[in-house]
């Protein structure tokens, strides 16, 4: 078991997209043609934060992943039609992470994570665990999702929002110009009043530079002064 030696993490930079008109200027045309909306969101934010930086580790998170592409494959099976091996390979949960690695010829560790409604908080804890073992490293953290396919409308699955949030994270230095966050386990009352969807709420909180804590289910974010 990894014992976390810190609850503090520095946000050196961050980026957020929540537009139906996804800008893809940083994604090569050959890659862009194969991208789902979720992948475009992920790669555009990842490329933006990668400019002029080298990461030691990257973590790509998504609650629903390539759900729309997977639905297309299931419809092909239902109709007895063959489906493209390329589409199948891009329907896996680490598809965006793989494309990011190929685009940038990376050899660093890259992981993909899904944890249901707790995907954001579990992703942040994964980064903390990694940095506890590698205190000098810098991490690219990314979480993205798209609207739920209409076939799942009756299930009222949440969140049903299009977004990508990227963070450049490391352990705080003695002199750090970035935002330093404290990750604190939530009390029962705070956990029950968590904001959803969490990633857009975190982006709004970062943008507002609020001193108020932000409840993210099992975690509470506080700014360390």
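Numbering (this note's numbering), first residue to last: 59 to 283. The C-beta atom is built at its ideal place from N, Cα and C for all residues, glycine as well. This one's a predicted model, so the numbers in the text were calculated from it and none came from an experiment.
*Which residues in the same chain have their Cβ closer than 7 Å to the Cβ of residue 126, if we skip the five residues on either side of it in sequence?*
94, 204 and 207
*Going straight from the alpha carbon of residue 84 to that of residue 150, what length do you get?*
23 Å
*Give every residue of the same chain whose Cβ lies closer than 7 Å to the Cβ of residue 173, excluding the five residues on either side of it in the sequence, and list them in chain order.*
180
_Suppose only complete runs of 4+ residues qualify. What are the alpha helix (DSSP H) ranges in the region 183-252, listed by chain order?_
246-250
_Residue range of the alpha helix (DSSP H) that includes residue 135_ = 125-136
*Residues in its own chain within less than 8 Å of residue 147 by CB, not counting five upstream and five downstream?*
153
*asked:* Checking 8 Å against the spacing of the C-beta atoms, do residue 275 and residue 231 come in under that value?
replied: no
*If we ignore side chains and look at the alpha-carbon of each, how far apart do residue 253 and residue 218 end up?*
Its pLDDT being 48, under 50, residue 253 is placed unreliably in this model, and the value from its coordinates should be taken loosely. In a straight line, the C-alpha of residue 253 is about 14 Å away from that of residue 218.
*Give the DSSP-derived three-state secondary structure of residue 87 in the structure shown.*
helix
*CB-CB under 6 Å to residue 140, same chain, minus the five flanking residues each way: which ones, in chain order?*
none
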